[in-house]
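Engineer: Each residue of the sequence shown is one higher than the last, beginning at 1312 in our numbering.
Yeah, the Cβ is synthetic: ideal placement off N, Cα and C, and Gly gets one too.
Treat the numbers as computed from the prediction; the structure is a model and nothing was measured.
I'd like to ask some things about the structure below.
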Amino acid sequence: MIEPLSYDKETGTLYVLDQTLLPHEERYIAVNTLDELIEAIKALRVRGAPLLGLAGAYGLLFAVLESEKSPDFWEELQKRVDLLVNARPTAVNLKKEVDSILQDIPMTAEPYEVAAMVYEKVLSLENRLKNDDLSLASHGADLLKGKRRILTICNTGTLATGGIGTALGVIKVKHARDDLDVAYLCETRPVLQGARLSAWELIKENVPHYIITDNTAPYLMSLGKVDAVVVGADRVAKNGDTANKVGTLMLAIAAKHYAIDFYVAAPTSSFDMTIADGQAIVIEQRDPEEVLQIRGVRIAPEGSPALNYAFDVTPASLIDGYITEQGILKAPFAEVKKVGR
Ligand code: MRU
């Protein structure tokens, strides 16, 4: 089993599988401070909405330990938490998991007690993510029974959740049930999470797949070679608008045109019931160099600028349903149970 994050309680070291090096090198980096963790989050060494939630929870543990000696413990902690939750803005899980842990800690607790309480919460979050994935993937595989050719984007597998994955989890479970013909993996320019990470996971599990360039997807649909599109989510608004890896919107528009089912697979912890619609979602813009270079080699002329939106927002009207750990949901959501646990 791949472990994207693993914590050694004795030494206080968080081992992070450096996803920027995959698939060529499986190397863990040792993270011992909040600053190091924030760097790992920003550089996409650890990524994917649910896993960012877990990384945030470990970050909170570092923040508590680093604030312990300060006479203004709570003030100091809050400063560090602010830096942590703003490391990446789009995935709701990062801030939400940190806030939800903090909410349950009494302000009367001593710093050493806070550290112990946070650690317990991190462990239960780790379990919850794994269990949510299993339920979600099984609901998705039931829903898409017989739909054998599934197209997806980005990486929504173990590397993105620590569990079996969300959209990729559905694909894995369908394969395990002998109900998958093939998965199409959009390569996912510019960081190539599909070609590098999802393919790496599916190779390990012998799941049949093709990597396609992102712009091949509508053509494959036009050929009648796609039965369903299943994607992950970084944030689902109350009306069902969904932020996910840039390119998702183009898949949804094409799927609608060709009357192909389009599903978002996401745990309800990725739902943000505090925002009415997708307009309120902050879309991360990353370094243009990610677009201008491929693996360190410049592909554009010097002087050409680039835009690098990391995510886009797909309107709810293009989404046929939401595969969650609670079952298949339809937008708009009056209420999503257990959100903010
Ligand atoms: O920039 P990334 O790699 O963190 O983007 C990840 C995605 O867009 C995923 O689809 C999303 O976080 C869901 S992961 C289960």
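Go to residue 1567, then tell me how far its alpha helix (DSSP H) extends in each direction, as first and last residue.
Structural biologist: Mapped onto the sequence shown, residue 1567 falls at position 256. From DSSP, the alpha helix (DSSP H) with residue 1567 extends over 1559–1568.
Engineer: Pick out whichever of 1542, 1588, 1454 and 1345 has its Cα sitting closest to the Cα of residue 1375.
Structural biologist: As a position in the sequence shown, residue 1375 is number 64, starting the count at 1. Checking every option, the nearest Cα to that of residue 1375 belongs to 1345.
Engineer: DSSP on residue 1475, reduced to helix/strand/coil?
Structural biologist: Counted from its first residue, the sequence shown places residue 1475 at position 164. Three-state result, residue 1475: coil.
Engineer: Return the residue from the list 1637, 1647 and 1642 that minimises the CA-CA distance to residue 1446.
Structural biologist: Residue numbering aside, residue 1446 sits at position 135 when the sequence shown is read from its first letter. Ranking 1637, 1647 and 1642 by Cα distance to residue 1446 puts 1637 first.
Engineer: How would you label residue 1317, buried or exposed, when you count the other beta carbons within 10 angstroms and need 16 or more for buried?
Structural biologist: Stepping through the sequence shown from its first residue, residue 1317 is reached at position 6. Under this definition residue 1317 is an exposed residue.
Engineer: Using only the alpha-carbon positions, how far apart do residue 1452 and residue 1585 sit?
Structural biologist: The count along the sequence shown starts at 1 and reaches residue 1452 at position 141. The count along the sequence shown starts at 1 and reaches residue 1585 at position 274. The alpha-carbon atoms of residue 1452 and residue 1585 are separated by roughly 30 Å.
Engineer: What residue from 1601, 1626 and 1627 has the CA that sits closest to residue 1616's CA?
Structural biologist: Counting from one through the sequence shown, the residue named residue 1616 turns up at place 305. That would be 1601, whose Cα lies nearest to the Cα of residue 1616.
Engineer: How long is the line joining the alpha carbons of residue 1475 and residue 1481, rounded to whole angstroms?
Structural biologist: Along the sequence shown, read from residue 1 onward, the residue named residue 1475 stands at position 164. Along the sequence shown, read from residue 1 onward, the residue named residue 1481 stands at position 170. Their Cα atoms are separated by approximately 9 Å.
Engineer: Would you tell me roughly how many angstroms separate the C-alpha atoms of residue 1450 and residue 1639, rounded to the nearest one?
Structural biologist: Position 139 of the sequence shown, counted from the first residue, corresponds to residue 1450. Position 328 of the sequence shown, counted from the first residue, corresponds to residue 1639. C-alpha separation (whole angstroms): 7 Å.
Engineer: For residue 1496, report the span of its beta strand (DSSP E) as first-last.
Structural biologist: Numbered from 1 along the sequence shown, position 185 holds the residue referred to as residue 1496. Counting along the chain, the beta strand (DSSP E) containing residue 1496 begins and ends at 1493–1497.
Engineer: Would you report the Cα separation of residue 1528 and residue 1495, rounded to the nearest angstrom?
Structural biologist: Taking the sequence shown and counting its residues from 1, the one referred to as residue 1528 is at position 217. Taking the sequence shown and counting its residues from 1, the one referred to as residue 1495 is at position 184. Going by the C-alpha atoms only, they are around 9 Å apart.
Engineer: Given this structure, state the Cα-to-Cα distance separating residue 1582 from residue 1353, to the nearest angstrom.
Structural biologist: Along the sequence shown, one-based indexing puts residue 1582 at 271. Along the sequence shown, one-based indexing puts residue 1353 at 42. CA-CA distance, residue 1582 to residue 1353, rounds to 22 Å.
Engineer: With a threshold of 8 Å on Cβ separation, who are the neighbours of residue 1252 within its own chain once the five nearest residues in sequence on each side are excluded?
Structural biologist: Since the first and last residues shown for the chain are 1312 and 1652, residue 1252 lies out of range.
Engineer: Over the uninterrupted beta strand (DSSP E) stretch that includes residue 1547, give me the two end residues.
Structural biologist: Here residue 1547 refers to the residue found at position 236 of the sequence shown. It spans 1546–1548 - the beta strand (DSSP E) in which residue 1547 sits, taken as one unbroken run.
Engineer: Could you tell me whether any non-hydrogen atom of ligand 1 is closer than 6 Å to the CB of residue 1621?
Structural biologist: Residue 1621 sits at position 310 when you count from the first residue of the sequence shown. The answer is yes for residue 1621.
Engineer: For ligand 1, is there a heavy atom less than 6 Å away from the beta-carbon of residue 1583?
Structural biologist: Taking the first residue of the sequence shown as position 1, residue 1583 is located at position 272. Checking every heavy atom of ligand 1 against the Cβ of residue 1583, none is found closer than 6 Å.
Engineer: I'd like to know if the stretch 1618–1636 and the stretch 1568–1579 are in contact, where contact means that at least 3 CB-CB pairs between them fall below 8 Å.
Structural biologist: Touching, per the Cβ criterion.
Engineer: If you draw a straight line from the C-alpha of residue 1362 to the C-alpha of residue 1348, how long is it?
Structural biologist: If you number the sequence shown from 1, residue 1362 lands on position 51. If you number the sequence shown from 1, residue 1348 lands on position 37. A direct Cα-to-Cα measurement between residue 1362 and residue 1348 gives close to 13 Å.
Engineer: Give the straight-line distance between the Cα atoms of residue 1546 and residue 1539, rounded to the nearest whole angstrom.
Structural biologist: As a working note, residue 1546 is residue 235 in the sequence shown. As a working note, residue 1539 is residue 228 in the sequence shown. Residue 1546 and residue 1539: Cα-Cα distance of roughly 21 Å.
Engineer: List the DSSP bridge partners of residue 1553.
Structural biologist: The sequence position of residue 1553 within the sequence shown is 242, counting from 1. Answer is 1547 and 1625, bridged to residue 1553.
Engineer: So, helix, strand or coil for residue 1652, using DSSP?
Structural biologist: Here residue 1652 refers to the residue found at position 341 when the sequence shown is read from its first residue. Note that residue 1652 scores a pLDDT of 43, beneath 50, so its modelled location is shaky and nothing firm can be said.
Engineer: Would you check if the stretch 1530–1538 and the stretch 1379–1395 touch, i.e. whether three or more CB-CB distances between them fall below 8 Å?
Structural biologist: no
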